[in-house]
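**Q**
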Amino acid sequence: MELQGHLLYIDITQICGIGCAFCMYADKHKAGMSMELSTLARENLVALINAPSVKRISISGEGEPLNNAKVFHEILGLSNGGKSFEFITSGFFPHAKMAEFYDETDRIVTANGDTCNIRLSADSHHIEKVKWRAHGFSLDYLQRCQPSGLSFSFRSIDTDRHFTREYLTKELQHWGIEANISELGPLEDVLVVGEQHFGIDYKNLVHPAVGTAEGYLDMHGYIAAIEAKVNKHFTFGSLNRPPLANGMDVTIKPNGDVYLYGIETHRLGNLHFDRLDWQRLQAHLVRNPLARALYTQPLTELLSRLENTDLLHSIITRVNNPYWLVKELAGHDGLLQAWEAA
Ligand code: SF4
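By the count of my numbering, the sequence shown reaches residue 342 at its end, each step adding exactly one.
1) How long is the line joining the alpha carbons of Y202 and T39, rounded to whole angstroms?
2) Mapping DSSP to helix, strand and coil, what is D189?
3) Looking only at its chain, what residues have a beta carbon closer than 7 angstroms to the beta carbon of E136, apart from the 5 residues adjacent to it on each side?
4) Could you check the C-alpha separation between E328 and M24 for me, to the nearest Å?
5) Consider the C-beta atom of Y25 and the heavy atoms of the ligand SF4; say whether any pair is separated by less than 7 angstroms.
6) Verify whether the separation of the beta carbon atoms of L294 and T235 is less than 8 angstroms.
7) Specify, as a first and last residue, the run of the beta strand (DSSP E) that V258 falls within.
8) Any heavy atom of the ligand SF4 closer than 7 angstroms to the Cβ of C16?
9) Does any residue of chain B have a CB that is nearer than 8 angstroms to the CB of S182?
10) Taking contact to mean 3 or more Cβ pairs, one atom from each stretch, closer than 8 angstroms, check whether the region 219-231 and the region 190-200 are in contact.
11) Can you check DSSP and say which residues form a bridge with D249?
12) Since I181 and T169 should fall inside the 8 angstroms C-beta cutoff, what is the C-beta to C-beta distance between them, to a whole number of angstroms?
13) Counting only the same chain and skipping the five closest in sequence on each side, list residues whose C-beta sits under 8 angstroms from that of R267.
14) At the level of alpha carbons, what is the spacing between A338 and L306?
15) Does DSSP put H197 in a helix, in a strand, or in coil?
16) Can you tell which of K253, T251, I226 and I252 has the C-alpha that lies nearest to the C-alpha of G240?
17) Taking the alpha-carbon positions, what's the A330 to T265 distance?
18) Under 8 angstroms Cβ to Cβ from L120, same chain only, skipping five residues before and after it: list those, please.
19) Which residue or residues does DSSP assign as beta-bridge partners of V54?
20) At the level of alpha carbons, what is the spacing between S238 and K97?
21) Are L66 and T159 touching if we call contact CB-CB under 8 angstroms?
22) Should S34 be counted as a contact of the ligand SF4 given a C-beta to heavy atom distance under 7 angstroms?
23) Roughly how many angstroms lie between the CA atoms of S148 and T115, to the nearest whole one?
24) Using a Cβ-based criterion (distance less than 7 angstroms to any ligand heavy atom), does S90 qualify as near the ligand SF4?
25) Comparing C-alpha positions only, which one of I15, L37 and F22 sits nearest to H29?
26) Do Y9 and Y261 have their C-beta atoms closer together than 8 angstroms?
27) Report yes if the CB atom of L271 is closer than 8 angstroms to the CB atom of V250, and no otherwise.
28) With a threshold of 6 angstroms on Cβ separation, who are the neighbours of V71 within its own chain once the five nearest residues in sequence on each side are excluded?
29) According to DSSP, is I315 part of a helix, a strand, or is it coil?
30) Excluding sequence positions up to five away, which residues of its chain have a Cβ less than 7 angstroms from the Cβ of Y141?
31) Use the C-beta contact count for T296: other C-beta atoms within 10 angstroms, 16 or more gives buried, fewer gives exposed.
32) Report the start-end ranges of each alpha helix (DSSP H) in the region 106-174 that is 4 residues or longer and not cut off at the edges.
33) For S58, collect the residues of the same chain with a Cβ closer than 6 angstroms to its Cβ; drop the 5 residues on either side in sequence, then sort them by chain order.
34) Say the cut is 7 angstroms; is the CB of H126 nearer than that to a heavy atom of the ligand SF4?
35) Just to confirm the assignment, what range does the beta strand (DSSP E) spanning S238 have?
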């Protein structure tokens, strides 16, 4: 199996007090564990982050990663340079504290020769919960402070786009920033301020509530939109546009457990107890029949092999996102076996 351009997700905390109604991790916020780095965890992260085959290191959480900014900055410090980091956040800190966070992040990545894109949630579900909104503030910070290692983009789970477009344009106007938004593709817009371009990515909502506004994509529509964006069939793994092969998509949980993203039925190891590198992770992938099927066969084909029952239909409608599908199917005896034997 040829694999290139891996994506490494590190979930650094389960703590979050924001309380989005749709949150898939709300049950974990009570325990509220945050990642700490043991000696072996640092050695493993050094190996994983600095491998040439890694295209991006994305720091997020099963909570709000700003609640563990210290470990985020420690992780940035493990890079040997030339790496692209990403930090996915609601940006909820008061603005003075947010500016300190940006200053420190920029200081570390610039010293190491890395970059970090700050990806701010800009959808109706987050915005209504966040008092200190970071969108206008962040582009204003960018213009005033010109941090050489930072860039900004936006993400939204309003796939109908209406809320996000209107919110961002008005919010930026409050900060004296005139912006135009145009459509780039089925799940992408670009926000233009003068000569600067800022991406807006749309993802579909997992477990949409009854009565969710029209315009949301269903699972099949979402898969078709991703396929149009990357110009290849949707399989699991980090999708790269042709002629590149796909890469591994690996996620590390706050307790150090390591999984292939979306395939949490099979733990690959733990950051604190096992020696990890990309070769070892790839060996796990190749040995595991379910992961192998999901990485090599289009998901639409795998779905067509399952019996078209009411149960399957209701799971697909409820989950509405391919990366949550395996977890849901695993809860029902026999549903995943057809893929493991594929
Ligand atoms: S900010 Fe993220 S982790 Fe926190 S409640 Fe909202 S969706 Fe959940």
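Ideal placement from N, C-alpha and C gives every residue a C-beta, glycine not left out.
**A** Judging by the given coordinates:
1) C-alpha of Y202 to C-alpha of T39: approximately 37 angstroms in a straight line.
2) D189 falls in the strand class under three-state DSSP.
3) Correcting the residue identity first, residue 136 is Gly in this sequence and not Glu. The beta carbon of G136 sits closer than 7 angstroms to the beta carbons of E171, L172, H174, W175 and I177 from its chain, once the five residues preceding and following it are set aside; these are given in chain order.
4) Across the structure, E328 and M24 are spaced so that their CA atoms are roughly 13 angstroms apart.
5) Yes.
6) In contact: L294 and T235 (Cβ atoms closer than 8 angstroms).
7) D257 to L260 is the span of the beta strand (DSSP E), which, as asked, contains V258.
8) Yes; taking the cut-off as 7 angstroms, the Cβ of C16 has a heavy atom of the ligand SF4 nearer than that.
9) Absent from the structure: chain B. Only one protein chain is present.
10) No, the region 219-231 is not in contact with the region 190-200.
11) Partner(s): L7.
12) About 6 angstroms; that satisfies the 8 angstroms criterion.
13) So the qualifying residues of the chain are D257, V258 and Y259.
14) Rounded to whole angstroms, A338 to L306 spans 7 angstroms at the Cα level.
15) Secondary structure of H197 (DSSP, three-state): strand.
16) The question names Gly, but residue 240 in the sequence shown is Asn. The residue among K253, T251, I226 and I252 with its C-alpha nearest the C-alpha of N240 is I226.
17) The straight-line gap from Cα to Cα measures roughly 7 angstroms.
18) Exclusion of the five residues before and after L120 leaves T89, S90, G91, A134, H135, S138, F152, S153, F154 and R155 as the residues of its chain whose Cβ lies within less than 8 angstroms of its Cβ.
19) Note: V54 sits in a beta bridge opposite H6.
20) Cα to Cα, the separation comes out at about 33 angstroms.
21) No, the Cβ-Cβ distance between L66 and T159 is not below 8 angstroms.
22) Relative to the ligand SF4, even the nearest heavy atom lies 7 angstroms or more away from the CB of S34.
23) If you take the alpha carbons of S148 and T115, they lie about 8 angstroms apart.
24) Yes, the beta carbon of S90 sits closer than 7 angstroms to at least one heavy atom of the ligand SF4.
25) Here the closest residue by C-alpha is I15.
26) Cβ distance < 8 angstroms, so Y9 and Y261 count as in contact.
27) No, Cβ-Cβ distance for L271 and V250 is not below 8 angstroms.
28) Within the same chain, V71 has close Cβ partners I12 and M35.
29) The three-state reading of DSSP puts I315 in helix, counting H, G and I together.
30) Hits under 7 angstroms: A99 and Y102.
31) Exposed, since its Cβ has fewer than 16 Cβ neighbours within 10 Å.
32) List check, alpha helix (DSSP H) in window: 124-127, 135-145 and 162-174.
33) If the five residues before and after S58 are omitted, its C-beta is found closer than 6 angstroms to the C-beta atoms of Y9 and E86, all from its own chain and listed in chain order.
34) Indeed, a heavy atom of the ligand SF4 lies less than 7 angstroms from the Cβ.
35) Looking at the DSSP string, S238 is not in any beta strand (DSSP E), and its letter there is neither H nor E.
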